[in-house]
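Undergrad: Counting from 13, one number per residue, gives the positions in the first sequence under our numbering.
Backbone N, C-alpha and C fix where the C-beta goes; we use that ideal spot for every residue, glycine too.
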Amino acid sequence: MSTETPQKKNYKQTLNLPQTAFPMEAKLVQNEPKRLAMWKEGRLYEKLMTARAKAPHWVLHDGPPFANGDIHIGHVINKTLKDVFLRYKSMAGFQTPYVPGWDCHGLPIEHKITKDLGPKVREMSKLDVRKLCHEYAQKYVGIQSEQFQRLGILGEWNNPYLTMKPEYESETLNVFADFVEAGLVYKQLKPVHWSIANQTALADAELEYKEVDDNSVFVEFAARNPGEVKGKFDLRVNAPVSFLIWTTTPWTLPANMAIAVHPDVEYAFVQYDRNGQTRITVVATDLVEKVFAKVSDSNPQVLKTVRGNELVGLEYQHPFVDRVGRVVHAEYVTTTDGTGLVHTAPGHGEDDYHTGITNHIEIYCPVQANGRFDSTVPNWLTGLTVWEGNPKVTDKLKELDVLFAEEKIRHSYPHDWRSKTPTIFRATEQWFISLDKPFVPKGGSGEAKSLRQRATEAVEQTTFIPSWGKARILGMLESRPDWCISRQRAWGLPIPVFYNEKDEPLLTGQSVRAVAKRFCERGSDVWFTETPTELLSCDQTACPAHFGEVAKLRKEKDIFDVWFESGSSWHAVLQCRSYLKFPADLYLEGSDQHRGWFQLSLLPALGATGTPPFKQVLTHGFVVKPDGTKVSKSDKEYVTATQEIERHGADLLRLWCCSVDYQGDIPTSPQAIKEFGDKYRKIRNTLRYLLSNLYDFDPKQNTQEVPQNSLDGWASAELDQLIADVTSAYDAYQLHRAFRLLHDFCAVQISAVYGNAMKDRLYCESPNSPVRRRTQTVMYRMIIALTKLLAPMIVFTADEAWEYIQHKPKDDAECASVHLALLPQPSGQTVSDQQREEWKLLMDLRDQGLAQLDTLKKEAGLNKALDAEVIYEVDDDDLRRRLQVYGPDLEDLVGAGFHSFAEVSTNKPAVSVKMVDRRETYQACARSWKRRPDVGQDPDYPDLTLRDAAAVKANK
RNA sequence: GGGCUCGUAGCUCAGUUGGUUAGAGCGCGUCCCUGAUAAGGACGAGGUCGGACGUUCGAAUCGUCUCGGGCCCA
Numbered sequence: 013m014s015t016e017t018p019q020k021k022n023y024k025q026t027l028n029l030p031q032t033a034f035p036m037e038a039k040l041v042q043n044e045p046k047r048l049a050m051w052k053e054g055r056l057y058e059k060l061m062t063a064r065a066k067a068p069h070w071v072l073h074d075g076p077p078f079a080n081g082d083i084h085i086g087h088v089i090n091k092t093l094k095d096v097f098l099r100y101k102s103m104a105g106f107q108t109p110y111v112p113g114w115d116c117h118g119l120p121i122e123h124k125i126t127k128d129l130g131p132k133v134r135e136m137s138k139l140d141v142r143k144l145c146h147e148y149a150q151k152y153v154g155i156q157s158e159q160f161q162r163l164g165i166l167g168e169w170n171n172p173y174l175t176m177k178p179e180y181e182s183e184t185l186n187v188f189a190d191f192v193e194a195g196l197v198y199k200q201l202k203p204v205h206w207s208i209a210n211q212t213a214l215a216d217a218e219l220e221y222k223e224v225d226d227n228s229v230f231v232e233f234a235a236r237n238p239g240e241v242k243g244k245f246d247l248r249v250n251a252p253v254s255f256l257i258w259t260t261t262p263w264t265l266p267a268n269m270a271i272a273v274h275p276d277v278e279y280a281f282v283q284y285d286r287n288g289q290t291r292i293t294v295v296a297t298d299l300v301e302k303v304f305a306k307v308s309d310s311n312p313q314v315l316k317t318v319r320g321n322e323l324v325g326l327e328y329q330h331p332f333v334d335r336v337g338r339v340v341h342a343e344y345v346t347t348t349d350g351t352g353l354v355h356t357a358p359g360h361g362e363d364d365y366h367t368g369i370t371n372h373i374e375i376y377c378p379v380q381a382n383g384r385f386d387s388t389v390p391n392w393l394t395g396l397t398v399w400e401g402n403p404k405v406t407d408k409l410k411e412l413d414v415l416f417a418e419e420k421i422r423h424s425y426p427h428d429w430r431s432k433t434p435t436i437f438r439a440t441e442q443w444f445i446s447l448d449k450p451f452v453p454k455g456g457s458g459e460a461k462s463l464r465q466r467a468t469e470a471v472e473q474t475t476f477i478p479s480w481g482k483a484r485i486l487g488m489l490e491s492r493p494d495w496c497i498s499r500q501r502a503w504g505l506p507i508p509v510f511y512n513e514k515d516e517p518l519l520t521g522q523s524v525r526a527v528a529k530r531f532c533e534r535g536s537d538v539w540f541t542e543t544p545t546e547l548l549s550c551d552q553t554a555c556p557a558h559f560g561e562v563a564k565l566r567k568e569k570d571i572f573d574v575w576f577e578s579g580s581s582w583h584a585v586l587q588c589r590s591y592l593k594f595p596a597d598l599y600l601e602g603s604d605q606h607r608g609w610f611q612l613s614l615l616p617a618l619g620a621t622g623t624p625p626f627k628q629v630l631t632h633g634f635v636v637k638p639d640g641t642k643v644s645k646s647d648k649e650y651v652t653a654t655q656e657i658e659r660h661g662a663d664l665l666r667l668w669c670c671s672v673d674y675q676g677d678i679p680t681s682p683q684a685i686k687e688f689g690d691k692y693r694k695i696r697n698t699l700r701y702l703l704s705n706l707y708d709f710d711p712k713q714n715t716q717e718v719p720q721n722s723l724d725g726w727a728s729a730e731l732d733q734l735i736a737d738v739t740s741a742y743d744a745y746q747l748h749r750a751f752r753l754l755h756d757f758c759a760v761q762i763s764a765v766y767g768n769a770m771k772d773r774l775y776c777e778s779p780n781s782p783v784r785r786r787t788q789t790v791m792y793r794m795i796i797a798l799t800k801l802l803a804p805m806i807v808f809t810a811d812e813a814w815e816y817i818q819h820k821p822k823d824d825a826e827c828a829s830v831h832l833a834l835l836p837q838p839s840g841q842t843v844s845d846q847q848r849e850e851w852k853l854l855m856d857l858r859d860q861g862l863a864q865l866d867t868l869k870k871e872a873g874l875n876k877a878l879d880a881e882v883i884y885e886v887d888d889d890d891l892r893r894r895l896q897v898y899g900p901d902l903e904d905l906v907g908a909g910f911h912s913f914a915e916v917s918t919n920k921p922a923v924s925v926k927m928v929d930r931r932e933t934y935q936a937c938a939r940s941w942k943r944r945p946d947v948g949q950d951p952d953y954p955d956l957t958l959r960d961a962a963a964v965k966a967n968k
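Structural data, given as structure tokens:
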């Protein structure tokens with residue numbers, strides 16, 4: 013059914029309507045894998061490295077994710093940011109090698125494996141468990157690698173770094189050797205969670221907390237010199253003085269070394285009666301009532317109150333051990349329960365341990381691996397288990413008349429997840445790296461400084477993005493204890509220490525390097541299969557004769573904290589691969605890594621080389637739910653990364669990553685990502701529109717001068733500004749700014765303003781008309797610049813668009829992929845203030861015109877702007893002369909059919925605009941639909957304007 | 001509890017050294033176009049800038065407190 017006249021159809025055929033094969037619908041999910049295959053086939057990464065072979069390096073060093081599970085949205089953000097920056101820097105002319113890595117050792121994997129094995133694990137050797145862990149890690153490296161590549165992350169995927177590879181393990185040991193030589197490695201007791209049933213140390217993840225009933229005791233610790241105490245605090249009562257402590261684990265009392273008080277809490281000296289005797293003891297004021305309620309007829313009377321720090325330094329006599337302890341201060345002391353005076357056994361508690369270290373108190377642990385007391389305790393305890401010890405100790409306290417009260421208490425207590433038995437805190441020998449011992453790094457000279465000092469100085473010289481990262485890591489460095497690098501696990505890198513028959517450790521740079529060499533050749537499993545003789549066979553002098561016979565050496569059982577391994581990547585990767593460089597230009601991870609990888613890479617690098625491993629450290633935040641709270645997998649709104657990729661494609665996810673300010677929390681939901689498709693489509697359609705209007709444009713033949721005083725000039729300048737702004741946003745790592753600039757440029761400058769206005773001349777002018785070619789000249793610049801600027805973000809779409817750009821300039825034409833190209837450059841044209849004002853005026857007049865058009869639409873039913881004429885009312889001759897050049901531009905900006913200038917005197921603005929309904933005045937051109945007075949002036953085409961008539965003739 | 005940090009329209013973001021009626025894009029609503037068409041355009045409604053109190057002639061911007069998040073510790 014054709015209601016159109018045949019003539020009309022003819023005219024449509026005479027137009028230069030946009031045409032392109034670049035599809036409107038992206039079909040990212042189907043097309044991205046094809047493009048990936050194409051890149052792989054074409055060796056895009058290798059090509060890029062070759063293309064920039066002589067360029068200066070810009071190295072981003074990848075922090076290794078844990079090889080466990082599918083990637084999640086946090087990985088997507090992290091890897092996308094890295095990829096975008098790398099690609100941008102590459103387009104900026106740098107050589108940007110990217111070696112992805114994985115953290116392979118560690119408890120989560122070992123935990124998973126042993127859990128899956130169940131009871132079978134008892135029959136398996138460490139080596140068997142390690143083999144299973146290795147397979148597991150390898151499997152997930154493969155899975156995650158695929159998933160990262162699917163995201164469009166470009167890198168050396170065929171040669172990533174894995175912390176479990178023999179070369180890597182070996183280089184980690186070499187870093188350790190440097191530490192040993194610097195004299196920073198030492199062994200010391202430290203309490204760990206201990207399973208008596210399995211006689212093994214446990215990690216936090218291996219604990220299950222259960223509610224249990226225990227007998228807690230309140231104990232009077234007699235002041236060593238009551239007279240002195242009474243004198244100091246002016247207590248004129250003839251009674252013994254004690255400090256009242258409370259504990260739920262009486263068996264730890266033999267190891268009591270101190271009493272901790274909070275320096276700012278108020279304590280009371282209380283006079284009370286018990287067992288027919290008047291006594292004085294100290295309790296936190298807030299707890300006096302609660303505590304003395306436990307003893308009937310105690311008649312407590314507060315004699316005096318003092319602040320905790322006044323008590324510090326006072327001494328007491330241990331009730332049943334020949335030992336004097338003293339009162340120390342600790343910030344963690346609370347007055348929620350107990351007495352406010354905390355029984356401190358540095359060998360049996362985390363807090364107690366820190367208090368012990370701070371106050372130089374011995375880390376004393378009289379409990380053996382089997383949970384029985386050793387011979388250093390009173391002989392009525394020796395040989396008993398700690399559980400047998402509990403009632404014994406309580407009885408003894410009763411006997412000594414220092415048991416103030418007993419109380420059944422229900423509390424949550426850690427249990428071994430495997431044997432389901434209660435665990436204890438027990439001090440064991442651990443390896444440490446000293447943070448405060450001054451040293452001079454290998455090959456270095458100058459002043460000996462501690463690791464802590466060096467780290468602080470290095471951080472001062474590092475750029476942090478955002479800047480507060482510096483304060484954060486400095487705070488952590490200030491307060492962190494020495495680094496405990498040993499773990500009692502199977503799945504990890506063995507600490508290469510040997511012991512002779514006197515239990516003296518063999519640990520020298522030389523011995524470590526000898527083992528490193530062996531590991532490099534055969535992997536770290538040899539630690540479990542080979543004899544010390546074999547392990548040290550690479551260096552016959554590694555074990556000095558006076559130390560003992562090599563064959564009789566015993567191997568250390570502990571492995572390294574996995575952080576020491578990933579924290580050595582600056583060496584194992586950056587220094588060991590010749591095409592990388594040390595230090596790296598950028599480390600980029602989540603802000604949790606201030607404590608993690610950043611700090612624990614900084615320390616090894618400084619210990620071994622004296623140089624920090626990075627110049628810049630960039631951090632991003634974490635995804636949260638739309639309401640700002642943390643996400644968990646059970647949430648309905650949980651965003652599954654792989655699922656989102658399959659649903660919307662990688663480019664959409666990438667673009668979304670680029671649109672948010674990653675410095676803070678990142679609200680995320682499947683809904684938000686889905687809705688973000690609108691932004692992607694706007695950009696894609698804009699690219700498509702530009703491409704479609706360039707189908708017949710060849711810059712070699714059709715390029716036109718673009719005068720500044722024209723809409724084309726404006727558009728060209730806007731593009732220049734865009735290039736400058738986007739570039740500086742990228743340089744500042746402000747992706748959301750770059751994204752916004754690009755998106756808004758597409759939505760506003762191109763779609764709403766320029767592209768919309770230029771339709772008439774693009775479609776209706778004769779193909780070779782200079783004004784048409786001029787607009788194409790600008791659009792051609794636009795499509796190239798936009799595609800390039802978008803390329804780091806939407807890697808697939810940009811590369812696709814790149815293929816559709818015809819007649820690229822020589823340098824670009826040589827780039828099969830946009831990712832090989834260099835960034836666009838601004839035209840270099842300077843713009844005068846007067847020119848800017850003219851453009852501003854032009855846009856103001858557009859606003860005026862559109863507003864009036866809206867009124868005409870509502871009041872007169874004028875729906876098509878082409879039915880209106882825009883009249884510019886100008887008084888000033890000079891201004892009119894300047895504006896006349898913009899005549900057609902002004903007309904097209906409001907979409908009018910015609911424009912004219914009138915000298916109607918207006919008294920306020922120098923120029924104003926008036927829209928006039930011309931439906932009754934002029935005939936509409938059948939081709940351009942413009943209503944103009946010249947329609948019908950060409951006798952051959954009575955239904956066309958002169959311009960259109962000429963265009964039709966030229967087309968024939 | 002501590003260190004660091006975030007809180008501007010439904011969403012994502014701008015808001016320079018404190019200064020006229022707090023901006024943009026998207027979304028939404030209404031309308032138009034049908035020669036970018038599973039596109040495009042116009043107009044419009046949305047915010048007392050987490051809250052309170054201060055400093056100031058004047059604060060989203062400075063200070064104190066407070067509420068609610070986040071990361072890391074304890």
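1) Could you pull out every residue in the same chain whose Cβ sits closer than 6 Å to the Cβ of A961, ignoring the five residues on either side in sequence?
2) Helix, strand or coil for P426 per DSSP?
3) Rounded C-beta distance between Y284 and V318? I'm assuming under 8 Å.
4) Quick one, which of F233, D448 and D364 has its alpha-carbon nearest A460's?
5) Measuring CA to CA, which of H632, I795 and L586 is closest to H87?
6) Please check the pair G12 and R930, which I expect to be a contact at CB under 8 Å, by giving their CB distance rounded to whole angstroms.
7) Is the separation between the beta-carbon of A653 and that of H117 shorter than 7 Å?
8) Less than 7 Å between the beta carbons of L393 and G401, yes or no?
9) I need the boundaries of the beta strand (DSSP E) containing A213, first residue and last residue.
10) Using DSSP bridges, identify the partner residues of N227.
11) For the beta strand (DSSP E) that G337 lies in, which residues bound it at each end?
12) In three-state DSSP terms, what is L598?
13) To which residues of the same chain is V133 closer than 6 Å at the C-beta, ignoring the five residues directly before and after it?
14) CB-CB under 7 Å to N705, same chain, minus the five flanking residues each way: which ones, in chain order?
15) Shortest alpha-carbon distance to A357 belongs to which of A759, L265 and K138?
16) Taking V307 as part of the beta strand (DSSP E), name the residues at either end of that continuous run.
17) What residue range does the beta strand (DSSP E) around A880 cover?
18) DSSP three-state label for D710, please.
19) What whole-angstrom Cβ distance do M927 and A880 have, given they're in contact under 8 Å?
20) Would you call the CB atoms of N636 and Y599 closer than 7 Å?
21) Do you know offhand how far F281's Cα is from I445's?
22) Cβ of I762 within 7 Å of Cβ of T715?
23) Give me the residue from K567, W51 and S431 with the minimum Cα distance to S523.
24) With respect to the alpha helix (DSSP H) encompassing A727, which residues constitute its N-terminal and C-terminal limits?
25) Could you please give me the residues that DSSP links to L139 through a beta bridge?
26) Helix, strand or coil, according to DSSP, for R944 in the structure here?
27) Please identify the residue among Q500, L857 and I208 whose C-alpha is closest to the C-alpha of A381.
28) Please return the same chain residues whose Cβ sits closer than 6 Å to the Cβ of A759, not counting the five positions on each side in sequence.
29) So what's P951 in DSSP terms, helix, strand or just coil?
30) At 4 residues or longer, and completely inside the region 69-136: list those alpha helix (DSSP H) runs for me, N to C.
TA: Inspection of the coordinates gives the following:
1) Closer than 6 Å at Cβ, skipping near neighbours: D950 and Y953.
2) In this structure, P426 counts as strand in the three-state DSSP scheme.
3) 17 Å between Cβ atoms; not a contact.
4) Residue nearest to A460 within the set F233, D448 and D364 is D448 (criterion: CA-CA distance).
5) With distances taken between Cα atoms, H87 lies closest to H632.
6) Nothing about residue 12 can be read from this structure; the chain reaches only from 13 to 968.
7) Contact: no.
8) The answer is yes: Cβ separation under 7 Å.
9) Counted as a single uninterrupted DSSP element, the beta strand (DSSP E) harbouring A213 occupies residues T212 to L214.
10) Answer is K420.
11) Run containing G337: V336 to H341, per the beta strand (DSSP E) assignment.
12) L598 falls in the strand class under three-state DSSP.
13) Answer for V133: T126, listed in chain order.
14) Once the five neighbours on either side are set aside, the close Cβ partners of N705 are P30, L774, Q788 and M791.
15) Distances from the alpha-carbon of A357 to those of A759, L265 and K138 put L265 closest.
16) Where V307 is concerned, there is no enclosing beta strand (DSSP E), given that its DSSP letter is neither H nor E.
17) Counting along the chain, the beta strand (DSSP E) containing A880 begins and ends at A880 to V886.
18) If DSSP states are grouped into helix, strand and coil, D710 belongs with coil.
19) Confirmed, about 5 Å.
20) This sequence places Val at residue 636; Asn is not what is there. In this structure, V636 sits away from Y599, with a CB-CB distance that is not shorter than 7 Å.
21) Those two C-alpha atoms are separated by around 43 Å.
22) Contact flag unset, no.
23) Closest option to S523, Cα to Cα, is K567.
24) Element bounds for A727: L723 to D743.
25) Paired residue(s): none; L139 is not in a bridge.
26) Of the three classes helix, strand and coil, the one that applies to R944 here is strand, per DSSP.
27) Among Q500, L857 and I208, the Cα nearest to that of A381 is on I208.
28) Cβ neighbours of A759 beyond the five flanking positions: K694.
29) It is coil, neither helix nor strand.
30) The DSSP assignment places 85-103 and 119-129 as complete runs of the alpha helix (DSSP H) inside the region 69-136, in order along the chain (cut-off: 4 residues).
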